[in-house]
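Colleague: Encoded as structure tokens, here's the structure I'll be asking about.
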Amino acid sequence: MFRPRTSFAVGALILAASLGLTACSDSGSSDEGAEAKTLTLWHYEGPTSAMGVAWNRAIELFKASHPGVEVKFEEKSFEQIQQNAGMILNSDSAPDILEYNKGNATAGLLSKQGLLTDLTEQAGERGWDKALSPSLQTTTRYDDDGIMGSGKIFGIPNYGEYVMVYYNKDLFAKHEVTVPTTLAEFETALGTFTKAGVTPLSVGGAEYPAQQILYELALSKSNRAFVDDYQLYKNKVDFHGPELTFGAQAFADWVAKGYIAENSAGIKAEDMGVAFTQGKFPIMISGSWWYGRFATEIKNFQWGTFLFPGNTLHPGSSGNLWVVPEKSKAKSLAYDFIDITMQPEVQALLGNSGGVPVAADPSKITDEKNRELIANFATISTGDGLAFYPDWPAPGYYDVLVGGVQGLINGSKTPEKMLDEIAKPYHDNLADLGK
82 MFRPRTSFAV GALILAASLG LTACSDSGSS DEGAEAKTLT LWHYEGPTSA MGVAWNRAIE
142 LFKASHPGVE VKFEEKSFEQ IQQNAGMILN SDSAPDILEY NKGNATAGLL SKQGLLTDLT
202 EQAGERGWDK ALSPSLQTTT RYDDDGIMGS GKIFGIPNYG EYVMVYYNKD LFAKHEVTVP
262 TTLAEFETAL GTFTKAGVTP LSVGGAEYPA QQILYELALS KSNRAFVDDY QLYKNKVDFH
322 GPELTFGAQA FADWVAKGYI AENSAGIKAE DMGVAFTQGK FPIMISGSWW YGRFATEIKN
382 FQWGTFLFPG NTLHPGSSGN LWVVPEKSKA KSLAYDFIDI TMQPEVQALL GNSGGVPVAA
442 DPSKITDEKN RELIANFATI STGDGLAFYP DWPAPGYYDV LVGGVQGLIN GSKTPEKMLD
502 EIAKPYHDNL ADLGK
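In this text, residue positions in the sequence shown follow our numbering: the first is 82, and each later residue adds one.
Here's what the structure looks like:
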């Protein structure tokens with residue numbers, strides 16, 4: 082899943098220049114880096130996000146418990162790591178630990194290539210496996226083909242995430258719109274805003290948000306069997322079946338009816354989120370990763386959230402993973418850091434900062450909104466409602482979906498043509514896997 086970030090330096094050239102600095106780690110030379118004196122850590126969470134706040138505290142706790150060890154933290158952008166992870170982790174410039182996206186096309190691919198450390202033994206010894214529910218463990222385990230859901234543990238999440246509907250309570254009240262509980266009611270609400278001359282949805286079509294809306298619509302006609310077929314390759318997927326056909330057609334209809342602006346094809350996720358915080362749109366469909374930021378930045382209106390109306394399945398999963406590169410020079414220290422992110426203090430801080438901790442004591446979450454956020458995630462995960470993300474099934478599929486949904490937004494592709502376009506690389510990947 083692609084994620085919004087605050088501004089970072091981006092691009093392979095900048096990243097390549099920074100690799101020279103991280104390559105100078107003076108970590109020790111033992112097999113697990115037990116004698117290492119430096120831990121090089123990368124992640125792409127903004128400092129005011131729930132994860133950024135919690136992980137900064139984890140770094141403080143790590144330093145206190147590891148006197149004499151230097152932590153070299155480097156904040157990267159999601160795009161830098163997403164686009165260059167294979168090159169980075171296959172070099173001597175690999176960090177000792179980093180945040181990485183979960184799923185077949187990302188962590189699964191790197192595990193298949195032998196670039197990630199097997200964490201199964203550590204997870205058992207340190208109790209990480211017991212702290213994660215079975216549904217959350219789906220994204221931590223990968224088989225020899227890099228397919229999630231079974232096999233060895235190659236990453237550990239310390240938070241969960243899911244897609245929901247953010248709404249501007251003031252604009253809902255102004256236009257006398259109530260919170261919908263079914264898809265039909267949701268579309269009526271969207272129509273009410275449109276008739277009043279208000280584009281209802283803030284959408285980022287140039288990145289991940291638009292494809293997640295299409296996926297939500299497809300999930301409204303789906304069951305667990307469809308998700309398992311699409312994500313885990315249990316059976317062949319018909320891209321012109323009822324689920325994806327409805328998703329693509331409904332999305333195109335939303336564009337035609339003015340619920341989604343045609344210029345949103347070129348809008349990035351960051352700009353989508355900023356527009357919502359400025360009160361320019363009454364609704365934004367996106368993930369829990371925005372929650373802490375909105376709690377901090379929205380000052381001029383009341384806002385809330387609700388689950389996509391009528392759905393029992395939602396885009397979501399464990400959060401991104403802490404992974405330890407096979408070439409890490411300080412694996413023992415990396416395991417210790419992961420352990421600290423699972424400690425009660427860090428988990429509670431994550432929850433009280435607007436995140437979704439995987440192992441927090443609910444009584445330690447003091448904010449009512451944050452408790453609602455966490456409770457909704459618990460409802461989804463315990464009800465087997467996590468449907469993962471649409472771009473996970475195949476390497477490079479993210480860009481395929483971005484282009485496909487952009488075509489629906491700007492009218493250059495019909496739903497049928499768009500589905501044909503996204504079906505080919507999906508099935509090509511299955512053929513490569515011998516499935």
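Even glycine gets a Cβ: it sits at the ideal position worked out from N, Cα and C.
Residue range of the beta strand (DSSP E) that E75 falls in?
Modeller: Outside the shown range of the chain, which is 82 to 516, sits residue 75, and nothing can be said about it.
Colleague: Expressed to the nearest angstrom, what Euclidean distance is found between the alpha-carbon atoms of A346 and N491?
Modeller: Going by the C-alpha atoms only, they are around 7 angstroms apart.
Colleague: N510 and Y478: beta carbons closer than 9 angstroms?
Modeller: Yes, Cβ-Cβ distance for N510 and Y478 is below 9 angstroms.
Colleague: Once you ignore the five residues that flank L252 on each side, which residues in its own chain have a CB closer than 6 angstroms to its CB?
Modeller: So the qualifying residues of the chain are P363.
Colleague: Threshold first: 4 residues or longer. Then list the alpha helix (DSSP H) segments lying entirely within the region 216 to 289, N to C.
Modeller: Taking only runs of at least 4 residues, the alpha helix (DSSP H) segments lying wholly in the region 216 to 289 are 250 to 255 and 264 to 276.
Colleague: Considering G205, what are the terminal residues of the alpha helix (DSSP H) in which it resides?
Modeller: It spans T201 to R207 - the alpha helix (DSSP H) in which G205 sits, taken as one unbroken run.
Colleague: Select from Q292, Y311, L217 and Q312 the residue whose C-alpha is nearest the C-alpha of K349.
Modeller: Ranking Q292, Y311, L217 and Q312 by Cα distance to K349 puts Q292 first.
Colleague: If you drop the 5 nearest sequence neighbours on each side, which residues of the same chain put their C-beta closer than 6 angstroms to that of G184?
Modeller: Taken in chain order, the residues that qualify are W473.
Colleague: Relative to the alpha-carbon of G241, which residue among K516, A456 and A475 has its alpha-carbon at the smallest distance?
Modeller: For G241, the nearest C-alpha among the options comes from A456.
Colleague: In angstroms, rounded to a whole number, what distance separates the CA positions of P176 and I162?
Modeller: Taking the straight line joining both Cα atoms gives about 11 angstroms.
Colleague: Can you name, in chain order, every residue of its own chain whose Cβ lies under 7 angstroms from the Cβ of E407, other than the five neighbours on each side?
Modeller: Excluding sequence neighbours, E407 sits near G195, L196, L197 and T198.
Colleague: Please state the DSSP three-state secondary structure of M499.
Modeller: Three-state DSSP puts M499 in a helix.
Colleague: Measuring only the C-alpha atoms, how far is S303 from L394?
Modeller: Roughly 8 angstroms between the two C-alpha positions.
Colleague: Where DSSP assigns a beta bridge to S398, which residues make up the other side?
Modeller: DSSP output for S398 lists E242 as bridge partner(s).
Colleague: Where L100 and F159 are concerned, what is the direct C-alpha to C-alpha distance, given to the nearest angstrom?
Modeller: Residue placement at L100 is flagged as unreliable, the pLDDT there being 35, under the threshold of 50; the coordinate-derived value follows with that caveat. About 16 angstroms.
Colleague: Cutting at 8 angstroms between CB atoms, please list the residues of its own chain near G515, excluding the five before and the five after it.
Modeller: Counting only Cβ-Cβ distances below 8 angstroms, and skipping sequence neighbours, we find nothing.
Colleague: With burial defined as no fewer than 16 other Cβ atoms inside 10 Å of the residue's Cβ, what is the status of P215: buried or exposed?
Modeller: That one is exposed.
Colleague: What are the boundary residues of the alpha helix (DSSP H) that L190 is part of?
Modeller: Looking at the DSSP string, the run of the alpha helix (DSSP H) that includes L190 is L190 to K193.
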